[in-house]
Amino acid sequence: MTALAAVWSGTSFSLQRVPLPDLADGEVLVEIELSTVCGSDLHTVAGHRSTPVPTVLGHESVGRVVAIGANATVDFGDRVVWTVGTACGTCRRCMRGVPQKCVDLRKYGHTAISDRWTLNGGFATHIHLLAGTRAVVVPEDLPAALLAPAGCATATVVCAARRIGLTAGDAVVVLGCGMLGLTAVAYALDRGAVSVVACDPDPARRAAASEIGATAVCAPEELAEVARGADAIFELSGSSSSVAAALDVVELGGRIALVGSVFPSSAVAFDPEFLVRNLVTVSGSHNYAPSDLVEAVEFLQRTPAAHLLAAAVGERHPLEEIDAAFASGRSAVRGAVG
Ligand SMILES: [Zn+2]
Ligand SMILES: [Zn+2]
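For the sequence shown, the numbering used here assigns the number 1302 to the initial residue and increments by one for each residue that follows.
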């Protein structure tokens, strides 16, 4: 038995046959049902983000367990999603609640392949999950397009919401309406936000946010008018002007989650007296803890926006057409392979 992987060389993909791994203690082999193309995959392929090569990209997937090592935490046949990386559970970072920064972190879709760990990303027929990966069993009746983004977009939003203490009654602003932004709109409503203003330069993305239930949508230049007095702000675009805009519209006691700034951008000036006198919290949030993935899957099961979030994922392309999936990921909110 072999697997097929789309191996990224740094300049192009090539399909390669790979032997299935012998599983060690706690390891799991998953047959991939669907992987979605995250913005960071697009950045890598566009040359805006460096990654060790050769590698198998892709870290948003859903699949089925087809082999388990001793002491695995899931069963043969389970349909699962899994964390974007491993965590040892015992290092200082793991013990202090940031397992996504474990000192022994190994990340799917971001690591050069080795003889021992070749199937280490989502754009393949199979993925080799290492011990320390949290796999979460998901229901059979949810669409793959809804579940695949759980392991990056959905869980990242849940973590950011946790870090800024998103609370019922908050007036929420969402800056950037890609997959994370649409998810943040739905999650804020799910958590009892009193209003959700969604901001994006792209009218189609604003329309998608509106359909999910945003109480108002606007272009960046309209934000100051539309979104005054925000209690909880999700900055998901990474644009410096958008980060500055978050500081402009935050309410007294407000909390800002900076999530989108995962690539270099220009520095943003802030007035410390404003932050102090207005009791403002600015919280950086990157990736998530395993418990956030559990909450993400529960949210996807209960949200009335499930069909709309699934619809944000574009047409499915087979692995042989991975370039087309990436091309569609530049226009749809998410490209899809599987
Ligand atoms: Zn991602
Ligand atoms: Zn650790």
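We put the beta carbon where it would ideally sit given N, CA and C, even for glycine.
Quantities reported herein were computed from a predicted structural model and do not represent experimental measurements.
Original post:
Do the region 1486-1497 and the region 1461-1472 touch if we need at least three Cβ pairs shorter than 8 Å?
Top reply: The region 1486-1497, when compared against the region 1461-1472, does touch it at the 8 Å Cβ threshold.
**OP:** Please say whether V1385 and A1456 have beta carbons closer to each other than 9 Å?
**Re:** Contact: yes.
Subject >> Any heavy atom of ligand 2 within less than 7 Å of residue CB: hits in chain order >> reply: Every residue whose Cβ sits closer than 7 Å to any heavy atom of ligand 2 is listed here in chain order: A1388, C1389, G1390, T1391, C1392, R1394, C1395, P1400, C1403, V1404, D1405.
Original post:
Under 8 Å from any heavy atom of ligand 1, does the C-beta of G1482 make it?
Top reply: With a threshold of 8 Å, the Cβ atom of G1482 does not count as near ligand 1, since no heavy atom of the ligand is closer than that.
Original post:
Hey, is A1454 close to ligand 1, as in C-beta under 8 Å from one of its heavy atoms?
Top reply: Yes, Cβ of A1454 sits closer than 8 Å to a heavy atom of ligand 1.
Subject >> G1585, enclosing beta strand (DSSP E) - first and last residue >> reply: Here the beta strand (DSSP E) through G1585 covers 1582-1585.
**OP:** Can you tell me which of R1318, V1331, S1336, P1322 puts its alpha carbon nearest to the alpha carbon of A1626?
**Re:** A1626 has its Cα closest to that of S1336, out of R1318, V1331, S1336, P1322.
**OP:** For A1371, name the three-state secondary structure that DSSP assigns.
**Re:** Look at A1371 here: in three-state DSSP terms it is coil, with no helix or strand label.
Original post:
What residues match up with G1386 in a beta bridge as DSSP calls it?
Top reply: Bridge partners of G1386: K1408.
**OP:** List in chain order: all unbroken alpha helix (DSSP H) runs of 4+ residues lying wholly within the region 1501-1527.
**Re:** Qualifying alpha helix (DSSP H) stretches, in chain order: 1504-1513, 1524-1527.
Original post:
What number of angstroms, rounded off, separates the C-alpha of Q1602 from the C-alpha of R1463?
Top reply: For Q1602 and R1463, the distance between alpha carbons rounds to 19 Å.
Original post:
Which residues in the same chain have their Cβ closer than 6 Å to the Cβ of N1372, if we skip the five residues on either side of it in sequence?
Top reply: Excluding sequence neighbours, N1372 sits near D1326, G1327.
Original post:
For R1463, which beta-bridge partners are listed by DSSP?
Top reply: Bridge partners of R1463: none, in fact.
Original post:
Which stretch, first to last residue, makes up the beta strand (DSSP E) that contains E1596?
Top reply: If you look at E1596, you'll find it isn't in any beta strand (DSSP E); it sits in the alpha helix (DSSP H) that goes 1591-1603.
Subject >> Assigned secondary structure, H1344 (DSSP; H/G/I helix, E/B strand, else coil) >> reply: Here H1344 sits in helix by DSSP.
**OP:** Determine the extent of the beta strand (DSSP E) in which L1299 is found, giving its start and end residues.
**Re:** Residue 1299 falls outside the range modelled here, since the chain spans only 1302 to 1639, and no answer is possible.
Original post:
CB Y1488 to CB V1458, shorter than 9 Å?
Top reply: The answer is yes: Cβ separation under 9 Å.
**OP:** Decide if F1424 is buried, meaning its Cβ has at least 16 other Cβ atoms within 10 Å, or exposed.
**Re:** With 16 or more other Cβ atoms within 10 Å, it is buried.
Original post:
Nearest to S1538 by alpha carbon, out of A1454, E1574, P1450?
Top reply: S1538 has its Cα closest to that of A1454, out of A1454, E1574, P1450.
Subject >> 9 Å Cβ cutoff met for A1546 and L1524 >> reply: A distance below 9 Å separates the beta carbons of A1546 and L1524.
Subject >> 8 Å CB neighbourhood of V1550 in its chain, flanking five on each side removed >> reply: When the five nearest sequence neighbours on each side are left out, the beta carbons in the same chain lying within less than 8 Å of the beta carbon of V1550 are those of V1474, L1524, A1525, A1528, R1529, G1530, A1531, I1534, in order along the chain.
**OP:** Could you tell me which of G1370, F1314, L1358, R1635 sits nearest to V1614, measuring between CA atoms?
**Re:** The shortest C-alpha separation from V1614 is found at R1635.
**OP:** Please work out which residues of its chain come closer than 6 Å, Cβ to Cβ, to S1341, disregarding the five sequence neighbours upstream and downstream, and give them in chain order.
**Re:** Nothing listed; no residue qualifies.
**OP:** Look at the alpha carbon of E1522 and the alpha carbon of S1541, and state the distance between them as a whole number of angstroms.
**Re:** Approximately 14 Å, taken between the alpha carbons.
**OP:** Check whether the Cβ atoms of S1592 and G1452 lie closer than 9 Å to each other.
**Re:** The answer is no: Cβ separation not under 9 Å.
**OP:** Between the Cα of A1461 and those of F1314, D1501, L1321, G1585, spot the shortest distance and give me the residue it belongs to.
**Re:** The residue with the shortest Cα to Cα distance from A1461 is G1585.
**OP:** Could you check which residue in D1379, V1382, K1408 has the C-alpha nearest to that of A1388?
**Re:** For A1388, the closest of D1379, V1382, K1408 by C-alpha to C-alpha distance is K1408.
Original post:
Over what stretch of residues does the alpha helix (DSSP H) that includes F1575 continue unbroken?
Top reply: For F1575, the enclosing alpha helix (DSSP H) stretches over residues 1573-1578.
Original post:
From G1422 to V1583, what distance separates their C-alpha atoms?
Top reply: Going from the Cα of G1422 to the Cα of V1583 covers about 32 Å.
**OP:** Could you tell me if the beta carbon of G1340 falls within a distance shorter than 8 Å of some heavy atom in ligand 1?
**Re:** Yes - ligand 1 has a heavy atom lying nearer than 8 Å to the Cβ of G1340.
Subject >> Option nearest Y1589 by Cα separation, candidates H1608, T1434, S1629, A1307 >> reply: Of the listed residues, the one whose Cα sits closest to Y1589 is T1434.
Original post:
Is D1416 helix, strand or coil when you go by DSSP?
Top reply: Correct three-state label for D1416: coil.
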